[in-house]
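Protein chains in written order, with my numbering: chain A, 219 to 652; chain B, 219 to 652. Heads up, the beta-carbon is just placed ideally off N, CA and C, and yes, glycines get one too. Values in this document were obtained by computation on a predicted structure and should not be read as measured data. Right, one structure below, let's go through it.
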């Protein structure tokens, strides 16, 4: 049986998962593929630490460049992550025309343009299924399963750390900091959790999904990002009372704000109705709801991170590369689809949405009336109001759910409201997607 | 741009969806594929009826064989359905070595062995993504996305008609017949609903999924099938009270009943916990939960039937064929994976499960005691009992939820219980999956 040589660059958590998965399921994979994937080199800065997986120590090297250049390495798996040396190694492999499999969302979100252009120039394959959604074959669904569709929208819960924290905050009425500490203790959050909780990781994934859906490189700078840091359990409780659950959502959608084709790409805590499928996604699980013009709503759910789920998708990409090598058919599915349409990226100020607003008012007669009149003047319709019994002179929370309104108008209205005497502290504002 | 000629056999609902989808998204598809899919012939017994889609009437023919044989037809889409002429047409295309795209679950479930063998002999491609799950790319996920996994289990809600009926029965406390009539009125159920409500359609799909998961032809005769005909709203209400929802489920799983490798394939109304993702799948939507040894739990959700969703998946398969033709790489992904393992199919009598039992007892002292002692003697542990206040001499329903037990023991126990004086009518029995 033909052997396909693999060079693995990066022997961390996912790398160890790939080694373990290959070891366990190699015979099955070989039978399914008609060729035998064989590890030829494993490069990492640390070749001594025990990863708890069976590994031929003679494969280990600290020289990644040499591993990539080995003539018996037919495919390079990059699992270092980040935009530093990983970028160089991926480029080295592509320069040699070798197919690359990577799970590196940061690299593709920040330098996808450069990487994809190099891959095209060298006619080399690049697969990145595990860069979004871990064990969920969402990228494959977009690239192939839904290829006949115009994508209307993608709503994604793409970060398990945030979803775990939000689930715990809601079900246990925990404070954000407590839930974060628990997530860190369980290994679901990093010691420095900024990339996750500030929404950057979700935005990286949103950039990749949006690029796949609309066929052009969506730059990170064009994405509006709000994370979950400091979110209050109070708001999760109010949302629940109103029939919503708060999720950190990547929102990608096609709109025609003024007749032209535009897309929105944004990441923020979002209220979604309890009967929406995404509202059932709890804990570390991820999911993406994709609406296509033909398929309608489809959803993909599973473990968005972790050693084995991510390895599952990395190995599915390796399987694709093996099939390409066996059949001699490179560049079967190009990294991004070639689209005819030119899309414009809508800035966050230009979107329309429904809003959840929570204000803290020092109760005095007429306060609510003043606020609703500001909203009315700014073209913001009110769908519902939640106000507990007030005691004159004490501060009281008021929650307002709006009809669809212009973001710009909401920003203007809140600028005015938050300066009103009797309004204490800035209004909490979250977008709603139905 | 290279043109790829399509012969469409069957111009019914899905056929019209394919014609409309191609018409609408042709330029986009061509840009994505680097080749232009072009309809060259549309065959149907009725070439006069207006399908409400734009169609060049000169393409229409009643001679399917001739359409298939046209030299400018490179790929054949079979959308007639059933195991009659469709079988002949698919075989004609494969005999000519032409790639076939089909949505015909009955054909593949009943004659997959023959069709796949012919395709292998002629080295022709056969794609059947739309045979299960309509617009949900579940077959693609199994064939490619999860290829590195050993599949532990698949739980599927695979029939929209049944799911719609069950949803209406539960939420509106409707009788089965009323919900069925409503489904027929809305076009979700056929005039003769037997294939759907008796579970045969779900079993066809289960056979295909099981074959894909385990790499051998799973015969329909080996599948135990119970439909939803005559299911009582009472049981849906009791289930809800116990924290479960009843769904018609295809259950496919790998077990080691006595150390050897075996698989179970069965279709029956099933109680699933309310917090299980599948419990959130309502109305005509379908979903499949697939557990792999690496990926863990993944779920795929969407519209399981209908003109456009099914066309979406048919066209995704056409896209695969087009890519194969452009790259000259046939048989890239064989219809069934080649596995090393020999699996044995477990008969329904040999399975273990938890059970929901509803008995109607004429209340007299000691009845429940007698019943629990029969269950105990048959090695059936009781997890919970639900009995409303009883009135001596009146009949009273008793609901028992068991621990995991042998199907064989449950059948024996119920045989005994249902003959006891004071037990009126056969016990309602449903399996539980957690």
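Which residues of chain B have a Cβ atom closer than 8 Å to the Cβ of residue 367 of chain A, listed in chain order?
Along the first chain, read from residue 1 onward, the residue named residue 367 of chain A stands at position 149. Within chain B, the residues near residue 367 of chain A are 243, 530.
Tell me the DSSP bridge mates of residue 205 of chain A?
Shown here, chain A extends from 219 to 652; a query on residue 205 of chain A therefore has no answer.
Are at least three pairs of beta-carbons, each pair with one atom in the stretch 250-263 of chain A and one in the stretch 527-543 of chain A, less than 8 Å apart?
yes
Using a Cβ distance threshold of 8 Å, determine whether the stretch 507-525 of chain B contacts the stretch 517-535 of chain A, with at least three qualifying pairs required.
yes
Which residue wins for smallest C-alpha separation from residue 338 of chain A, given the options A/550, A/630, A/652?
Looking up residue 338 of chain A in the first chain gives position 120. Here the closest residue by C-alpha is A/550.
So, using beta-carbon positions, are residue 520 of chain B and residue 358 of chain A closer together than 7 Å?
Position 302 of the second chain, counting from 1, holds the residue named residue 520 of chain B. Position 140 of the first chain, counting from 1, holds the residue named residue 358 of chain A. No; because the gap between Cβ atoms is not below 7 Å, this pair is not in contact.
Can residue 490 of chain A and residue 428 of chain A be called in contact, C-beta distance under 7 Å?
Position 272 of the first chain holds residue 490 of chain A. Position 210 of the first chain holds residue 428 of chain A. No, Cβ-Cβ distance for residue 490 of chain A and residue 428 of chain A is not below 7 Å.
Under 8 Å: do the stretch 320-333 of chain A and the stretch 318-325 of chain B share three or more Cβ pairs, one atom per stretch?
no
Answer with buried or exposed for residue 486 of chain A, where buried requires no fewer than 16 other C-beta atoms within 10 angstroms of its C-beta.
As a first step, residue 486 of chain A is located in the first chain; it is residue number 268 there, counting from the start. The residue in question, residue 486 of chain A, is buried, as its Cβ has 16 or more Cβ neighbours within 10 Å.
Per-residue contacts from residue 330 of chain A into chain B (C-beta, under 8 Å)
For the purposes of this step, residue 330 of chain A is taken as residue 112 along the first chain, with counting starting at 1. By Cβ distance, chain B contributes nothing, its closest Cβ being about 18 Å from residue 330 of chain A, past 8 Å.
Ordered list of alpha helix (DSSP H) runs contained in the stretch 301-362 of chain B, each at least 4 residues
303-313, 323-339
Is there a C-beta anywhere in chain B that falls below 7 Å from the one on residue 354 of chain A?
Reading the first chain from its first residue, position 136 is the one you call residue 354 of chain A. So yes, residue 354 of chain A belongs to the interface.
Residue 593 of chain B to residue 633 of chain B span [Cα, whole Å]:
In the second chain, residue 593 of chain B corresponds to position 375, counting from 1. In the second chain, residue 633 of chain B corresponds to position 415, counting from 1. About 11 Å.
Alpha carbon to alpha carbon, how far is residue 368 of chain B from residue 345 of chain B?
As a first step, residue 368 of chain B must be located in the second chain, where it is residue number 150. As a first step, residue 345 of chain B must be located in the second chain, where it is residue number 127. In a straight line, the C-alpha of residue 368 of chain B is about 22 Å away from that of residue 345 of chain B.
Given a cut-off of 7 Å, decide if residue 631 of chain A and residue 598 of chain A are closer than it, judged by their beta-carbon atoms.
For the purposes of this step, residue 598 of chain A is identified with residue 380 of the first chain, where counting begins at 1. For the purposes of this step, residue 631 of chain A is identified with residue 413 of the first chain, where counting begins at 1. Yes, the Cβ-Cβ distance between residue 598 of chain A and residue 631 of chain A is below 7 Å.
Alpha carbon to alpha carbon, how far is residue 234 of chain A from residue 274 of chain B?
Looking up residue 234 of chain A in the first chain gives position 16. Looking up residue 274 of chain B in the second chain gives position 56. About 57 Å.
Can you give me the Cβ contacts of residue 569 of chain B inside the same chain, cut-off strictly under 7 Å, excluding the 5 residues immediately before and after it?
Position 351 of the second chain, counted from the first residue, corresponds to residue 569 of chain B. Here the set comprises 482, 625.
Give a yes or no on whether the minimum CB-CB distance between residue 545 of chain A and chain B is below 7 Å.
By 1-based counting over the first chain, the position of residue 545 of chain A is 327. Cβ-Cβ to chain B under 7 Å: yes for residue 545 of chain A.
What whole-angstrom Cβ distance do residue 374 of chain B and residue 467 of chain B have, given they're in contact under 8 Å?
The residue given as residue 374 of chain B occupies position 156 in the second chain. The residue given as residue 467 of chain B occupies position 249 in the second chain. Between residue 467 of chain B and residue 374 of chain B the Cβ distance is about 7 Å, and since that is below 8 Å, they are a contact.
Starting from the C-beta of residue 455 of chain B, find all residues in its chain whose C-beta is less than 8 Å away, skip the five residues before and the five after it, and write them out in chain order.
Here the question's residue 455 of chain B lines up with position 237 in the second chain. These residues qualify, in order along the chain: 388, 391.
Quick check on the DSSP output: the alpha helix (DSSP H) that includes residue 382 of chain B runs from which residue to which?
Position 164 of the second chain, counted from the start, is the residue given in the question as residue 382 of chain B. Element bounds for residue 382 of chain B: 378-389.
Pick from B/644, B/621, B/580: whose alpha carbon is nearest that of residue 605 of chain B?
Locating residue 605 of chain B in the second chain gives position 387, counting from the first residue. When each option's Cα is compared against that of residue 605 of chain B, the closest is B/580.
What do you reckon, are the CB atoms on residue 600 of chain B and residue 589 of chain B nearer than 7 Å?
Here residue 600 of chain B refers to the residue found at position 382 of the second chain. Here residue 589 of chain B refers to the residue found at position 371 of the second chain. Against a cut-off of 7 Å, the Cβ pair of residue 589 of chain B and residue 600 of chain B comes out as no contact.
Just to check my reading of the structure: residue 288 of chain B and residue 261 of chain B have Cβ atoms closer than 8 Å, yes? What is that Cβ distance to the nearest angstrom?
Residue 288 of chain B sits at position 70 when you count from the first residue of the second chain. Residue 261 of chain B sits at position 43 when you count from the first residue of the second chain. Between residue 261 of chain B and residue 288 of chain B the Cβ distance is about 10 Å, and since that is not below 8 Å, they are no contact.
Cβ atoms of residue 310 of chain B and residue 295 of chain B: under 7 Å apart, would you say?
Taking the first residue of the second chain as position 1, residue 295 of chain B is located at position 77. Taking the first residue of the second chain as position 1, residue 310 of chain B is located at position 92. Against a cut-off of 7 Å, the Cβ pair of residue 310 of chain B and residue 295 of chain B comes out as no contact.
Since residue 502 of chain B contacts residue 378 of chain B with CB under 8 Å, what's their CB separation in whole angstroms?
As a working mapping, residue 502 of chain B is identified with position 284 in the second chain. As a working mapping, residue 378 of chain B is identified with position 160 in the second chain. The pair is a contact, with the Cβ atoms about 4 Å apart (cut-off 8 Å).
On the DSSP letters alone, give me the boundaries of the alpha helix (DSSP H) that residue 477 of chain A sits inside.
Along the first chain, read from residue 1 onward, the residue named residue 477 of chain A stands at position 259. Per DSSP, residue 477 of chain A belongs to no alpha helix (DSSP H) and is neither H nor E.
Is it the case that the Cβ atoms of residue 441 of chain B and residue 412 of chain B are separated by a distance below 7 Å?
If you number the second chain from 1, residue 441 of chain B lands on position 223. If you number the second chain from 1, residue 412 of chain B lands on position 194. No; because the gap between Cβ atoms is not below 7 Å, this pair is not in contact.
Considering only their Cβ atoms, is the gap separating residue 573 of chain B from residue 628 of chain B smaller than 7 Å?
Here residue 628 of chain B refers to the residue found at position 410 of the second chain. Here residue 573 of chain B refers to the residue found at position 355 of the second chain. Yes.
So residue 320 of chain A contacts chain B; which residues on that side make the cut at Cβ distance below 9 Å?
Position 102 of the first chain, counted from the start, is the residue given in the question as residue 320 of chain A. Result: empty, since nearest Cβ-Cβ is about 16 Å, beyond 9 Å.
Would residue 547 of chain A and residue 545 of chain B qualify as a contact pair, given that the criterion is a beta-carbon distance under 7 Å?
As a first step, residue 547 of chain A must be located in the first chain, where it is residue number 329. As a first step, residue 545 of chain B must be located in the second chain, where it is residue number 327. Yes, Cβ-Cβ distance for residue 547 of chain A and residue 545 of chain B is below 7 Å.
Within chain A, partners of residue 239 of chain B - CB distance below 8 Å
Position 21 of the second chain, counted from the first residue, corresponds to residue 239 of chain B. Near residue 239 of chain B (Cβ distances below 8 Å), the residues of chain A are 366, 512.
Which runs of the alpha helix (DSSP H) fall wholly inside the stretch 507-591 of chain B and span at least 4 residues, in chain order?
525-545
N- and C-terminal bounds of the alpha helix (DSSP H) containing residue 457 of chain B
Reading the second chain from its first residue, position 239 is the one you call residue 457 of chain B. Counting along the chain, the alpha helix (DSSP H) containing residue 457 of chain B begins and ends at 451-459.
Shorter than 6 Å, the distance from the beta carbon of residue 485 of chain B to the closest heavy atom of the ligand ATP, or not?
This structure lacks the ligand ATP; in fact it carries no ligand of any kind.
Does residue 254 of chain A have its Cβ less than 7 Å from a Cβ in chain B?
For the purposes of this step, residue 254 of chain A is taken as residue 36 along the first chain, with counting starting at 1. Chain B contact via Cβ: absent.
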